[in-house]
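Input: a single structure, listed below in C-alpha cells.
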Amino acid sequence: MNKPNLFLIGAPKCGTTAIAEYLSEREDVFFSKPKEPLFWCTDLGIEPHALRAATIEEYEALFAPADPSKHSVIAEGTTSYLRSEKAIRDCRAYSPEAKFIAILRNPVDVAHAFHMEQLYTGLEKQKDFATAWADQTRREADWDAASDDRPDSLLYRRIASFADQIETFFSLIPEEQRLVIVFDDFRDNPRAVWLEILAFLGLEDDGRTDFSPRNSAHAQRFPRLSHFLLAPPKPIAPFVTSLRKTLLARDSKLVAALKRFLNVNRPRTDLSPDLRTEMTKAFRPDIDRLEHLLGRDLTAWKEAER
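So for the sequence shown, this note's numbering puts the first residue at 12; every next one is plus one.
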C-alpha cells in the first residue's frame, strides 16, 4: 500500500499550486489528483466544491497508481492542513517518516487573495473586501459557536495569522522532516528555492528554469455555470462530484481545457493605503512572533507600503 511521504501543507495563496505542479511534472514524483484530498482536516468543515476523500480507502486509492520503484516522492498538497488543529498530527501518525513543506506569505496579501478565491467559489457573498475584513470578529465568533460543519474559509484574519500555526507545526514535526519557505524568496529567486526543495526531498536537480505562476488571480467567465459545477443542487451533487473526480484522475488535459474555458484572468483590486495600513497593524504582533519562530527578518511584511 502506497502512502504519501510528502505533505505540502499550505498556506493558501502562497504558491503551493505552483510547487505542486512543478513537482508533479518530474518522473520521480507522484502527486495526488486532486492535489488537495482534504482528508486529515475534518475539524475545519468542508466547502461545497471541495473534492474531499470521504474514507481512508478512498484516500489511499489516490496513491495506488504510484510506483515506489519509480516515484521516490509520493505527495499530496492540502493547504488547510497547516491551520488545522488535527491534520499534521494525524498525517505524521499515518506516515511517520513523511516530510512536510509549508510556504508563508505576507498575511495581508494572503487574506486579500483568499477573499477573491472565495468569491470565485461562491462561498463569499460580500464582494467588497474591506467590508468582509471589518466583519472578521463576528465571523470568527459565529464559526466558533456553530455546531455544524461549515468551512472556515471566510475567516481571513485567522487563516493568515501564521504564528500559532507554525508553533504547532514545529512542535509536532522534527526539524529534519520539515521545511518552511517564505514566498518572497520564491518570488525573488525561484531557482534557488527550487534547489532547496529538491535537496530537502533528496531529488536531483532537473535544471528547471520555468517558474511561471500557477493558479493566479482569476474569475469566472460564466458564473452561473461555474457555480452549478462547483456547488450543484443536492439531488445531483454526488453525480457531479463523481464526474469531476473521474475527469481529474483520467484526463488532466481535459480538465485544464475546461478550466481555461470557464475562467478568465482578473487581477485583484489593489488595497487602499488606509486598509493596508490597518491590516498590517492588525497582523504586526503575529508577524513579530513569526520572526522569532523562523529566525527570519520579516520587516517588509510590517511595512504598510509595498
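Cβ coordinates follow ideal geometry from the N, Cα and C atoms, glycine included.
A residue is called buried when at least 16 other Cβ atoms come within 10 angstroms of its Cβ; MET290 meets this threshold and is buried. Between PRO76 and LEU62, the CB-CB gap reaches or exceeds 7 Å. By DSSP's assignment, GLU87 forms a beta bridge with PHE18. Taking ILE112 as the centre and dropping the five residues before and after it, the same chain places the C-beta of LEU19 and LEU190 closer than 6 Å to its C-beta, in chain order. When the alpha-carbon of SER283 is set against those of HIS123, ALA98 and HIS60, the nearest one is in HIS123. For LEU115, the enclosing beta strand (DSSP E) begins and ends at 110–115. For PHE181, no pairing in a beta bridge is given by DSSP.
Taking all protein chains in view, the Cβ of PRO296 is surrounded by fewer than 16 other Cβ atoms within 10 Å, so the residue is classified as exposed. Excluding five sequence positions before and after ALA171, the CB atoms of its chain that fall closer than 6 Å to its own CB belong to PRO118, VAL121 and ALA122, given in chain order. By the Cβ-count criterion, ASP285 is exposed, with fewer than 16 other Cβ atoms from all chains shown falling within 10 Å of its own Cβ.
Contact between the stretch 157–177 and the stretch 140–147 is present: 3 or more CB-CB pairs across the two stretches fall below 8 Å.
Around TRP312, the same chain offers ASN117 and ILE298 as residues with beta carbons nearer than 6 Å, after the five sequence neighbours per side are excluded. Counting C-beta pairs closer than 8 Å gives fewer than three between the stretch 49–58 and the stretch 172–187, which falls short of the contact rule.
For LYS110, the closest C-alpha among the options PHE211, GLU128 and ASP308 is that of PHE211.
Of the residues assessed, ARG94 falls on the buried side of the cut-off, its CB having 16 or more other CB atoms within 10 angstroms. Scanning the stretch 97–181 for uninterrupted alpha helix (DSSP H) segments of 4 residues or longer gives 98–105, 118–132, 140–145, 147–156 and 167–170, listed from N- to C-terminal end. Judged by DSSP in its simplified three-state form, PHE41 adopts strand. Taking a 10 Å sphere around the C-beta of ASN200, we find fewer than 16 other C-beta atoms and assign the residue as exposed. The Cβ neighbour count for SER91, taken over all protein chains shown within 10 Å, is at least 16; the residue is labelled buried. When rounded, the separation of the alpha-carbon atoms in THR220 and TYR33 is 11 Å.
The continuous alpha helix (DSSP H) containing ILE67 extends over residues 67–72.
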